[in-house]
Amino acid sequence: MHIVVGRSGGVILITELDATGSPATPTFELPAVNFAQYVRARESASPRWVWDDTAAWYPELLRAGIRVERCHDLRLSHVILCNSAFTAESPLSQSGPHRWDEAAVAHVPAVPTGDTLFDFAAEPDTSSADADGDADSTDSRVEFQRQQQALLSSAETGRLRLLLAAESAGALIAAEMQFAGLPWRTDIHDALLTSELGPRVAYGTRPAKLEALAARIRSLLDNPTLNPDSQTEVLRALKRAGLPVRSTRAWELKEHSHPALVPLLEYKKLSRLLSANGWYWMDTWIVNGRFHPDYVPGGVVTGRWATKGGGALQLPKQVRRAVTADDGWTFVVADASQLEPRILAALSTDLAMADAGRGTDLYAGIVASGVVETRDHAKVAMLGAMYGATSGESGRLLPKLARAYPRALELTEAAARVGERGGVVTTRLGRSSPRPSEDWLRAQAYAYAPEASSADERMARSQAREWGRFTRNFVVQGSAAEWALCWMAQIRKALQKLDAGGAGGADRDPSQSPFSQSPHLVFFLHDEVVVHTPAALAPQVQQIIVDAATEAGRLLFGEFPVDFLLTVATVESYADAK
DNA sequence: TCTGCATGCAGC
DNA sequence: ACGCTGCATGCAGA
Numbered sequence: 254m255h256i257v258v259g260r261s262g263g264v265i266l267i268t269e270l271d272a273t274g275s276p277a278t279p280t281f282e283l284p285a286v287n288f289a290q291y292v293r294a295r296e297s298a299s300p301r302w303v304w305d306d307t308a309a310w311y312p313e314l315l316r317a318g319i320r321v322e323r324c325h326d327l328r329l330s331h332v333i334l335c336n337s338a339f340t341a342e343s344p345l346s347q348s349g350p351h352r353w354d355e356a357a358v359a360h361v362p363a364v365p366t367g368d369t370l371f372d373f374a375a376e377p378d379t380s381s382a383d384a385d386g387d388a389d390s391t392d393s394r395v396e397f398q399r400q401q402q403a404l405l406s407s408a409e410t411g412r413l414r415l416l417l418a419a420e421s422a423g424a425l426i427a428a429e430m431q432f433a434g435l436p437w438r439t440d441i442h443d444a445l446l447t448s449e450l451g452p453r454v455a456y457g458t459r460p461a462k463l464e465a466l467a468a469r470i471r472s473l474l475d476n477p478t479l480n481p482d483s484q485t486e487v488l489r490a491l492k493r494a495g496l497p498v499r500s501t502r503a504w505e506l507k508e509h510s511h512p513a514l515v516p517l518l519e520y521k522k523l524s525r526l527l528s529a530n531g532w533y534w535m536d537t538w539i540v541n542g543r544f545h546p547d548y549v550p551g552g553v554v555t556g557r558w559a560t561k562g563g564g565a566l567q568l569p570k571q572v573r574r575a576v577t578a579d580d581g582w583t584f585v586v587a588d589a590s591q592l593e594p595r596i597l598a599a600l601s602t603d604l605a606m607a608d609a610g611r612g613t614d615l616y617a618g619i620v621a622s623g624v625v626e627t628r629d630h631a632k633v634a635m636l637g638a639m640y641g642a643t644s645g646e647s648g649r650l651l652p653k654l655a656r657a658y659p660r661a662l663e664l665t666e667a668a669a670r671v672g673e674r675g676g677v678v679t680t681r682l683g684r685s686s687p688r689p690s691e692d693w694l695r696a697q698a699y700a701y702a703p704e705a706s707s708a709d710e711r712m713a714r715s716q717a718r719e720w721g722r723f724t725r726n727f728v729v730q731g732s733a734a735e736w737a738l739c740w741m742a743q744i745r746k747a748l749q750k751l752d753a754g755g756a757g758g759a760d761r762d763p764s765q766s767p768f769s770q771s772p773h774l775v776f777f778l779h780d781e782v783v784v785h786t787p788a789a790l791a792p793q794v795q796q797i798i799v800d801a802a803t804e805a806g807r808l809l810f811g812e813f814p815v816d817f818l819l820t821v822a823t824v825e826s827y828a829d830a831k
């Protein structure tokens with residue numbers, strides 16, 4: 254059963270649909286204050302909630318202590334269906350742009366408590382799209398019908414249905430992870446910063462260790478006024494010291510040797526720590542011992558998640574020590590080993606490559622098959638195949654890989670050729686790549702014009718290859734993102750079931766947060782998840798995560814025999830994983 | 001003074 | 001001439 258919900262002024266409009274998709278009852282209104290109770294009551298029937306934007310609806314339910322099992326996020330689904338090659342003929346994807354194509358409405362973050370920093374979180378969202386008073390429940394219902402119709406008219410209904418369900422589950426998970434937050438010990442974080450940088454100082458001033466390094470750099474470069482934070486000044490000073498560098502990138506500096514480079518590299522490392530995850534970041538993002546990352550599901554063209562603010566997807570290993578489980582709780586951390594190569598093997602039904610990864614590290618398996626000499630070579634060559642390397646070590650190793658795994662390599666080559674011609678490629682479940690820009694198309698067309706110079710032709714060729722590398726990678730990265738969504742959705746479902754059988758079940762105290770007593774996802778990083786769980790349940794959680802990986806593989810690739818191996822660890826601190 | 005772009009680096 | 005990002009910072013031009 255589907256229940257379509259929409260807002261109009263101060264009321265919620267609700268349409269319950271039966272199994273055929275037609276209204277089971279007339280649309281009715283509910284005062285906004287009664288909405289959460291309504292959802293709580295209806296949830297027992299396991300409906301799929303249909304709403305415009307999960308981030309605009311779910312946080313308030315979570316604050317009311319309510320979780321929902323499943324939803325259909327119209328905005329995320331709209332983007333997928335409008336672009337998918339599997340629904341290219343549908344009226345939906347041929348219709349012009351409207352409000353469903355707009356960026357997500359500004360939404361309020363889901364934070365459980367009304368702390369100073371996030372006090373605004375409790376205020377209702379007044380910026381939503383129906384400010385003109387239009388009954389957007391109608392809009393949502395119409396849009397839902399259009400999406401259903403596009404889905405059913407597709408030759409790939411099954412894959413797309415799975416993709417929309419997974420994408421929507423991802424939206425629920427993102428909201429739940431933001432609400433629950435990642436346990437974060439500010440005392441440990443502060444001690445770590447103090448030991449690396451020196452005691453805390455006011456914002457905008459240099460901590461002692463940075464100041465000492467700056468002094469050392471100035472003296473070794475014989476430049477008493479040098480500002481080590483200025484790339485231009487540093488570059489000039491290095492050149493004057495006789496170093497043939499063309500940038501101040503760490504990897505380039507490491508290729509040279511000069512006494513000043515030691516403190517300079519150390520300065521850069523620490524200065525990065527301070528500006529990206531220093532005390533200011535801690536004060537901004539840690540609330541009551543929890544980091545509440547602002548995930549954006551579907552935020553990347555390939556289907557990966559993005560973040561806005563907080564940098565959850567760039568959380569450096571340096572600070573993961575501060576991620577510490579609550580007393581009596583623990584983390585189960587799992588990451589998918591060599592996910593993208595395994596995805597590629599399955600996409601291309603390359604049995605030899607799947608064999609290489611069966612029950613073992615896939616790169617080690619490639620070495621064991623005698624394809625290349627070392628694990629590092631196997632890895633570099635695989636990455637080169639998926640990213641489109643043409644030169645260097647990776648480029649040299651590619652022919653060996655192509656001989657051993659022709660099907661896999663042919664898939665990546667074909668994806669690149671499609672992109673070079675300006676075409677569209679599609680992931681396993683049906684997310685299609687964007688079309689190239691007008692500029693790109695113009696440059697390609699112009700390269701054939703009689704008045705085009707050889708520079709024009711070179712430029713066009715270079716841009717064509719660039720777009721080819723993008724589409725080459727899109728298929729693999731995007732399909733891997735789909736696997737990860739299915740994996741997480743399965744984990745979530747199984748954890749909820751585990752919870753229903755235990756202390757957090759039917760007799761749960763509704764005044765408690767839905768996550769305060771039972772295992773739940775707290776972090777996601779492309780191919781890695783973290784579950785925060787009562788310590789006693791960790792073995793069951795591990796099993797759930799492993800089984801979910803197998804199930805995700807089956808959902809995407811059916812019976813094709815590819816393993817999705819995980820590295821799983823039960824740890825008190827995130828820093829101790831892998 | 002503000003804004004947009006370039007740089008550099010964190011993650012996968 | 002190897003893919004996708006977010007974020008902080010400095011710098012140049014408006």
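Convert by adding 253 to the 1-based position in the first sequence; the result is the number in my numbering. Glycine included, every Cβ here is placed at the ideal spot set by N, Cα and C. Computed from a predicted structure; not experimentally measured.
In the displayed model, Ile319 falls within coil according to three-state DSSP, outside both helix and strand. The residue among Val824, Arg681, Gly451 and Glu519 with its C-alpha nearest the C-alpha of Val586 is Val824. Following the DSSP letters along the chain, one finds Phe281 in no alpha helix (DSSP H) but inside the beta strand (DSSP E) bounded by residues Phe281 to Pro284. The DSSP assignment places complete beta strand (DSSP E) segments of no fewer than 3 residues inside the stretch 517-601 at 582-589, in order along the chain. With three or more CB-CB distances shorter than 8 Å, the stretch 718-731 counts as touching the stretch 679-691. Relative to Ala308, the option among Gly542, Gly552 and Gly495 whose CA is nearest is Gly552.
Secondary structure of Thr643 (DSSP, three-state): coil. The stretch 758-802 contains, as complete beta strand (DSSP E) runs of 3+ residues, the segments 773-777 and 781-787 (chain order).
Residue pairing by DSSP places Ile265 opposite Arg260 and Leu283 in a beta bridge. The three-state reading of DSSP puts Val671 in helix, counting H, G and I together.
As computed with DSSP, Ser685 is found in a beta bridge with Thr679.
Taking a C-beta distance under 8 Å as the contact criterion, Leu778 and Leu526 do not qualify as a contact pair. Restricting attention to Val515, His351, Ala503 and Ala427, the CA atom closest to the CA of Ala468 is found in Val515.
Excluding its 5 nearest sequence neighbours in each direction, Ala419 has C-beta neighbours in its own chain below 6 Å: Leu738, Cys739 and Ala742, listed in chain order. Contact check between the stretch 485-493 and the stretch 417-433: fewer than three CB pairs, one atom from each, fall below 8 Å, which does not count as touching. Judged by DSSP secondary structure, Ala341 falls outside any alpha helix (DSSP H); it is assigned neither H nor E. Partner residues in the beta bridge of Trp304, as assigned by DSSP, are Asp326.
Rounded to the nearest whole angstrom, the C-alpha separation of Tyr533 and Gln347 is 47 Å. Proximity to Glu812 across Leu604, Asn476 and Val554 peaks at Leu604, based on C-alpha coordinates. Rounded to the nearest angstrom, the Cβ distance from Ser337 to Gly683 is 5 Å, consistent with a contact under 8 Å.
Beyond the five residues adjoining it in sequence on each side, Thr340 comes within less than 6 Å, by CB distance, of Leu334, Ser346, Ala403 and Ser407 in the same chain, given in chain order. In this structure, the beta-carbon distance from Ile256 to Trp302 falls below 8 Å. Distance from the Cα of Ala559 is smallest, within the candidate group Ser644, Ala734 and Arg543, for Ala734.
By alpha-carbon distance to Glu322, the top candidate from Ile744, Ala634, Val783 and Lys522 is Ile744.
Check the Cα spacing between Lys653 and each of Lys750, Trp504, Ala667 and Lys632: the tightest is with Lys632. Take the alpha-carbon of Arg438 and the one of Leu446: they are about 12 Å apart. A straight line joining the alpha-carbon of Phe817 with that of Gly262 spans about 48 Å. In the structure shown, Leu818 adopts coil according to DSSP, grouped into three states.
The beta-carbon distance between Val678 and Val728, rounded to whole angstroms, is 5 Å. This is short enough to meet the 8 Å contact definition. In the structure shown, the three-state DSSP call for Thr627 is coil. Distance between Gly564 and Thr537, taken at the CA atoms: about 12 Å.
Distance from the CA of Tyr520 to the CA of Leu314, rounded to the nearest whole angstrom, comes to 46 Å. For Arg573 and Asn530, the gap between their C-alpha atoms comes out near 11 Å. Judged by their CB atoms, Val775 and Leu435 are nearer to each other than the 8 Å cut-off. Shown here for Leu327: same chain residues with a beta carbon closer than 8 Å to its own, the five before and five after excluded, namely Val303, Trp304, Asp305, Asp306, Trp353, Ser393, Glu396, Phe397 and Gln400 in chain order. Burial check for Asp752: the Cβ neighbour count within 10 Å reaches 16 or more, so the residue is buried.
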